[in-house]
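Reading through the structure tokens given below for one structure.
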Amino acid sequence: MMNSTRRQFLKRTGLTTLVLVSGGLVWRAVDNGVFNIGEGPAYEPWRNWQSDADKGPLTLVRAGILAANAHNTQPWLFRIAEGQIKLYADTSRNLGSFDPYLREMHISLGCALTNMEIAASASGYGASIDIVPGKLHLSEDTPADPLIATITLTPATIAPSALYGAIPHRHTNRGAYDLGHSVPASAKDAFRDPQQPGIEVYLADNAEALTELGTLIVSSTEQIIKDHEMSGDSSKWFRMSRDDVDQYRDGVTIDAFGLPPMMNVGAKIIPAPSAGLSDSQWLSGTRDTHVGTAPLLGAICVADLYDKATAIKAGMQWQRMHLWATDQGMAMHPLNQPAELVDRDQQLGRPSAMADQLANLMAPTKGKPTFFFRAGYAERPARLSPRRPLKSVIL
Numbered sequence: 067m068m069n070s071t072r073r074q075f076l077k078r079t080g081l082t083t084l085v086l087v088s089g090g091l092v093w094r095a096v097d098n099g100v101f102n103i104g105e106g107p108a109y110e111p112w113r114n115w116q117s118d119a120d121k122g123p124l125t126l127v128r129a130g131i132l133a134a135n136a137h138n139t140q141p142w143l144f145r146i147a148e149g150q151i152k153l154y155a156d157t158s159r160n161l162g163s164f165d166p167y168l169r170e171m172h173i174s175l176g177c178a179l180t181n182m183e184i185a186a187s188a189s190g191y192g193a194s195i196d197i198v199p200g201k202l203h204l205s206e207d208t209p210a211d212p213l214i215a216t217i218t219l220t221p222a223t224i225a226p227s228a229l230y231g232a233i234p235h236r237h238t239n240r241g242a243y244d245l246g247h248s249v250p251a252s253a254k255d256a257f258r259d260p261q262q263p264g265i266e267v268y269l270a271d272n273a274e275a276l277t278e279l280g281t282l283i284v285s286s287t288e289q290i291i292k293d294h295e296m297s298g299d300s301s302k303w304f305r306m307s308r309d310d311v312d313q314y315r316d317g318v319t320i321d322a323f324g325l326p327p328m329m330n331v332g333a334k335i336i337p338a339p340s341a342g343l344s345d346s347q348w349l350s351g352t353r354d355t356h357v358g359t360a361p362l363l364g365a366i367c368v369a370d371l372y373d374k375a376t377a378i379k380a381g382m383q384w385q386r387m388h389l390w391a392t393d394q395g396m397a398m399h400p401l402n403q404p405a406e407l408v409d410r411d412q413q414l415g416r417p418s419a420m421a422d423q424l425a426n427l428m429a430p431t432k433g434k435p436t437f438f439f440r441a442g443y444a445e446r447p448a449r450l451s452p453r454r455p456l457k458s459v460i461l
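The letter at position 39 of the sequence shown is residue 105 when you use the numbering used here, and the numbering goes up by one with no holes.
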């Protein structure tokens with residue numbers, strides 16, 4: 067009798083525990099956005115960017131905020147005046163030791179300029195871009211929110227393009243790429259075609275160069291995660307809960323990791339990983355997925371890493387490349403760890419072995435690499451990243 071009662075008690079408590087655990091998992095799944103991926107106000111800018119209610123120069127800003135940018139920091143501010151749009155850097159949104167000279171911030175701003183230039187043609191404007199010249203300095207020596215460029219608008223014939231149509235479909239794809247689907251020669255030729263003066267594109271398009279560059283990307287990742295300040299500055303921009311996504315509408319989210327569907331669900335349900343585990347996962351993902359499944363790696367190269375206008379033009383080049391690839395059904399993904407490590411070496415005043423290794427690898431290339439990427443055909447589409455609303459970026 068006692069054994070029977072004990073068994074009944076265990077069954078009841080076991081069932082209760084199962085119900086509680088299951089209920090808790092369902093609650094966490096709902097709370098963390100498992101069932102509404104890419105939905106809600108944080109993702110509306112991707113869908114309402116052509117809103118009829120905001121014709122005129124604001125249309126260009128709507129396109130600008132959808133541009134590629136480092137760690138989804140969205141480091142831009144805009145001021146609309148008569149016949150002009152002024153673009154400013156939002157220096158409060160810097161990456162700290164990950165981008166000590168704001169080089170990646172300026173590249174991000176160049177991406178926004180390209181989207182706005184393309185949207186101008188589709189909206190009946192001619193766009194003349196005047197970039198503010200100068201040198202990049204350490205972030206603490208940089209004035210707050212400096213003017214980056216002025217876009218002067220004039221009436222023109224409406225001329226939409228394939229790149230314009232690709233704007234809402236361009237997303238960073240961090241997932242696995244299909245190694246059985248190589249990048250065609252025509253795409254490589256298109257990537258190598260510089261859209262900006264002073265820009266050169268290096269492609270590791272043979273097995274030896276691909277292996278060497280991939281090794282340097284993995285090695286730089288290893289060195290970055292050993293630098294606790296860099297690791298910490300990067301982790302500040304991870305948005306691991308739906309509450310954070312809805313509150314900040316920026317940063318790198320779980321949905322943007324490029325995980326397979328079931329792994330994406332699991333990552334949202336389990337507690338956020340520790341900093342050490344997160345770094346370890348980043349390293350393994352870089353080695354096994356980002357580099358391991360890349361049919362093509364490359365870099366955008368410039369004569370001077372710390373020239374403002376050059377950094378902006380590198381971003382303009384990247385945005386055009388990514389939009390073109392999107393229109394062609396291809397995926398792309400920045401892998402900027404080597405350039406970030408070179409910046410860190412420069413900041414700390416130490417010799418940069420990474421810079422020397424890159425120079426040896428890219429010896430035929432005249433410039434220095436400022437932006438690294440992979441390209442290919444993804445196994446699954448990229449998910450949306452959050453975007454801040456216009457009211458947060460208009461001065």
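Cβ coordinates follow ideal geometry from the N, Cα and C atoms, glycine included. This one's a predicted model, so the numbers in the text were calculated from it and none came from an experiment.
C-alpha gap between residue i and residue j, whole angstroms
i	j	result
D422	G149	46 Å
P209	E266	30 Å
P123	I184	13 Å
R453	P250	33 Å
I131	T376	21 Å
L179	Q262	13 Å
S301	A256	35 Å
T359	Y443	10 Å
S340	G192	50 Å
W115	R258	30 Å
I320	A232	24 Å
V87	I335	Low local confidence applies: a pLDDT of 41 at V87 is under 50, so the model's placement there is unreliable, and no value is given.
T223	M387	25 Å
M396	D309	32 Å
G264	G381	12 Å
A136	L401	10 Å
Q347	A133	27 Å
A225	A129	15 Å
P111	V127	11 Å
H356	M329	17 Å
Neighbour-count burial assignment, residue i, 16 or more Cβ in a 10 Å radius
i	result
P221	exposed
K374	buried
G176	buried
L204	exposed
T392	buried
Q172	The sequence shown places His at residue 172, not Gln. Classification of H172: buried, given that the 10 Å Cβ count is 16 or more.
E406	buried
K457	exposed
L389	buried
K379	buried
A419	exposed
A365	buried
R305	buried
Simplified DSSP assignment, three categories, for residue i
i	result
A253	helix
Y167	coil
M306	coil
D373	strand
L91	Per-residue confidence for L91 stands at a pLDDT of 48, beneath the threshold of 50, marking its modelled position as unreliable; the derived number appears in the next sentence. In the structure shown, L91 sits in a helix (DSSP, three-state: H, G or I).
P234	helix
T208	coil
E288	helix
G176	helix
W390	helix
D196	strand
L153	strand
A133	coil
M428	coil
T277	helix
T82	In this prediction, T82 has a pLDDT of 42, which is less than 50 and means its spatial position is unreliable; what the coordinates show is noted afterwards. Correct three-state label for T82: helix.
V311	helix
G359	At residue 359 the sequence reads Thr, which differs from the Gly that was named. Coil.
K201	strand
P400	strand
Integer-rounded CB distance, given that residue j should sit under 8 Å from residue i
i	j	result
R159	P141	4 Å
P212	A155	6 Å
P404	P430	Contact doesn't hold; Cβ gap of about 18 Å is too wide.
L202	R169	6 Å
R449	I214	At roughly 29 Å, the Cβ-Cβ gap does not stay under 8 Å, so R449 and I214 are not in contact.
F438	I291	Going by Cβ atoms, the distance from F438 to I291 rounds to 17 Å, so no, they are not a contact pair.
Other residues of its chain near residue i: CB distance less than 6 Å, five sequence neighbours each side excluded
i	result
S189	T125
H399	T238, N239, R240, R440
S451	N138, A322
I197	A215, A375, I378
A228	D393
Neighbourhood of residue i by C-beta distance below 7 Å, restricted to the same chain and skipping five residues each side
i	result
V459	I131, W142, L143, F144
N181	A129, G130, L132, A133, I233, Q385
Cβ-based neighbour list, residue i, same chain, cut-off 8 Å, excluding 5 preceding and 5 following
i	result
P260	E266, V267, Q383
T139	R159, N160, L161, M171, S174, W303, D316, G317
Q413	S163, P166, Y167, L204
L349	V284, T287, E288, I291
S297	I290, I291, A341, D345
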